[in-house]
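See below for the structure under consideration.
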Amino acid sequence: MLKGRHLIEPRDFDVQELDRLFALAQRVEEDEAYLRDSCRGRILATLFFEPSTRTRLSFEAAMMRLGGSCVGFAEPGSSSTAKGESLADTVRTVGCYADMIAMRSPKEGAALLASRYSTVPVVNAGDGGHHHPTQTLTDLHTIRSLRGSVAGLTIGFCGDLKFGRTVHSLVKGLSLYPGNRMVFISPPELRVPEYLTRDLLSRDGGEYMETDTLEDVIGDLDVLYVTRVQKERFFNEEDYVRLKDSYVLTKEKLRRAKESLIIMHPLPRVNEIAMEVDADPRAAYFRQAKYGMYIRMALIASILGAA
Amino acid sequence: MLNITKIQNGIVIDHIHAGQGLKIFNWLGLGAAPYTVAFVVNAESVRMGLKDIIKIDNEIALDLAVLGLLDPDITVNIIQHGDITRKISLALPERVENVLICRNPRCITATEQYAPHIFHLSDAAMGLYRCEYCDEMRGAGDFR
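Taken in order, these protein sequences are the chains called H and R.
Residue numbering for the first sequence follows this note's numbering, beginning at 5 and increasing consecutively.
Residue numbering for the second sequence follows this note's numbering, beginning at 10 and increasing consecutively.
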């Protein structure tokens with residue numbers, strides 16, 4: 005049962021709970037009337053201490069499709085944080101108005117800290133370069149929908165693996181399922197953090213490899229997860245400029261890839277996937293955005309006890 | 010060879026790695042203690058070669074988690090009526106709160122000052138701890 009639960013990191017839910025969510029999201033996709041109005045009279049607070057368009061709109065669209073309402077702010081300048089209010093006080097206050105909180109913060113661990121003080125469920129909508137569990141739900145649901153399973157796959161992660169929270173969360177999510185092999189493709193400066201390889205993959209016996217050449221491994225992949233090099237995660241402009249164009253996926257590079265490959269991206273894209281790739285049937289990133297709304301509908305309804 | 014009188018009721022902190030004793034002595038605030046304290050450095054040890062020892066002629070509260078973080082090989086002997094009544098072997102604690110401090114500027118603890126700094130043991134062999142909030146790793150040695 006997910007009713008009343010927080011979602012801070014992907015491993016907060018077990019495989020059975022995830023599978024129930026995916027089944028629910030699939031049912032919503034197949035029958036848009038299903039769950040409609042199930043959250044009428046309920047309020048979701050979207051607290052975005054860091055600007056976001058896609059995730060916030062996805063949450064709000066999901067809640068509205070469930071018949072509920074949304075309150076919140078889209079940047080810290082319009083919140084009490086600008087006046088010096090603590091995060092603890094903000095969530096305790098918002099909990100008086102809303103039934104559930106979805107929050108994004110540039111600070112790692114912000115959602116975890118908020119959940120310790122909140123009287124209503126908190127969903128982490130991204131905490132710095134750390135976790136983004138609802139994107140993980142989106143990604144797992146996309147893979148499940150398009151590949152039929154989230155186990156026994158070779159998944160390539162390409163781009164900024166150091167600061168890319170969607171990558172960190174998806175690695176954790178995929179490691180819940182057996183037989184997945186992960187291939188990390190990045191320049192040495194943007195390698196996946198040590199805590200993931202040390203704690204998660206090594207300890208749990210997960211198979212992984214690291215490389216800096218996409219062309220060498222693209223033919224092995226069932227899923228290619230491309231991420232943007234995020235300017236906002238760098239303290240140093242020079243490092244960003246040097247690394248931002250490390251990888252660009254083109255039609256030419258895809259020649260070596262499997263026909264069954266699916267290409268994913270958490271969006272927004274800058275130039276790491278050439279627009280010519282959009283027409284390739286293997287490009288799944290816009291479908292991925294729609295799966296994101298369905299899975300958030302399933303999540304909100306489940307946490308609010310409406311599904 | 011030095012001989013130090015047995016204590017009647019108190020604590021002996023034994024098997025401290027040679028050179029670590031002063032940090033523990035200072036951390037326990039023993040320099041200002043109103044009771045007898047013996048601090049031995051470079052005592053001969055069959056097991057360790059050299060070791061430091063602290064004898065405290067008083068029953069004081071010890072945070073064994075922090076002591077374990079300072080030196081996980083320490084043995085704490087509880088003395089009552091001149092006899093050892095309990096031997097406690099320390100190890101690296103599984104969880105420490107407000108002992109190790111997270112230095113990650115992106116961590117929520119960097120801005121929310123009331124948030125406790127909580128670390129969990131991640132790799133005992135390497136003495137590595139993981140911040141509960143941001144997963145940043147810190148070594149037990151960072152506290153020492």
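Note that the Cβ used here is the ideal one computed from N, Cα and C, for glycine as well.
It should be emphasised that the depicted structure is a prediction, and the values quoted were computed from it without experimental measurement.
| Check | Outcome |
| --- | --- |
| Reference H:Gly296; option with closest CA among H:Leu157, H:Phe26 and H:Ala311 | H:Phe26 |
| Distance between H:Val175 and H:Gly210 (C-alpha atoms, nearest Å) | 10 Å |
| Under 8 Å (Cβ pairs) to chain R, residues found in the segment 98-117 of chain H | Ser109, Pro110, Lys111, Glu112, Gly113, Ala114, Leu116 and Leu117 |
| Enclosing alpha helix (DSSP H) for H:Leu265 [first to last residue] | Where H:Leu265 is concerned, there is no enclosing alpha helix (DSSP H), given that its DSSP letter is neither H nor E. |
| Whole-angstrom distance between H:Lys294 and H:Lys87, CA atom to CA atom | 36 Å |
| Short CB-CB distance (under 9 Å) between H:Tyr199 and chain R | yes |
| Integer-rounded CB distance, given that H:Pro55 should sit under 8 Å from H:Glu79 | 5 Å |
| R:Val55, DSSP secondary structure in three states | coil |
| Continuous beta strand (DSSP E) stretch holding H:Val95: start and end | First-last for H:Val95: Leu91 to Val98, but that is the alpha helix (DSSP H), not the beta strand (DSSP E). |
| DSSP state of R:Leu101 mapped onto helix, strand, coil | coil |
| Proximal chain R residues relative to H:Gly132, where beta-carbon distance stays under 7 Å | Arg115 |
| Closer than 9 Å to chain R by CB, H:Arg15 | no |
| 7 Å Cβ cut-off: residues of chain R touching H:Leu258 | Correct list: empty, because the minimum Cβ distance to chain R is about 34 Å. |
| Which residues DSSP lists as bridging H:Lys248, in chain order | DSSP output for H:Lys248 lists no bridge partner at all. |
| Exposed unless 16 or more other CB atoms sit within 10 angstroms - verdict on R:Gly58 | exposed |
| Residue range of the beta strand (DSSP E) that includes H:Thr158 | Thr158 to Cys162 |
| Contact under 9 Å by Cβ, R:Ile33 with R:Leu76 | yes |
| is_contact[H:Arg96, chain R] using C-beta, thresh 9 Å | no |
| Closer than 9 Å to chain H by CB, R:Met146 | yes |
| Where R:Asp151 meets chain H, residues with beta-carbon distance less than 9 Å | Simply none; closest approach about 15 Å. |
| For H:Leu225, the nearest candidate out of H:Met268, H:His10, H:Thr138 and H:Thr57 (CA to CA) | H:Met268 |
| C-beta neighbour in chain H for R:Arg139, strict 9 Å | yes |
| Per-residue contacts from H:Leu11 into chain R (C-beta, under 8 Å) | Near H:Leu11 there are no residues of chain R at all, since even the closest Cβ is about 16 Å away, more than 8 Å. |
| Beta carbon of R:Asp61 nearer than 9 Å to that of R:Ala47 | no |
| Any chain R beta carbon closer than 9 Å to H:Ala92 | yes |
| Residue(s) in a DSSP beta bridge with H:Gly133 | The partner list for H:Gly133 (beta bridge, DSSP) is empty, contrary to what the question assumes. |
| Cut-off 7 Å between Cβ atoms - residues of its own chain near R:Ile16, not counting five sequence neighbours on either side | Lys64, Asp66 and Ile88 |
| Length at least 3, wholly inside the segment 15-65 of chain R: the beta strand (DSSP E) runs in chain order | 19-26, 46-54 and 58-65 |
| Within-9 Å CB hit, H:Arg232 to chain R | no |
| Contacts of R:Tyr123 in chain H (Cβ-Cβ under 9 Å) | Ser90 and Ala92 |
| Whole-number beta carbon distance between R:Arg139 and H:Tyr2, since they are thought to touch under 8 Å | Here chain H covers residues 5 to 311 and nothing more, so residue 2 of chain H does not appear. |
| Bridge-paired residues (DSSP) for R:Cys140 | R:Phe128 |
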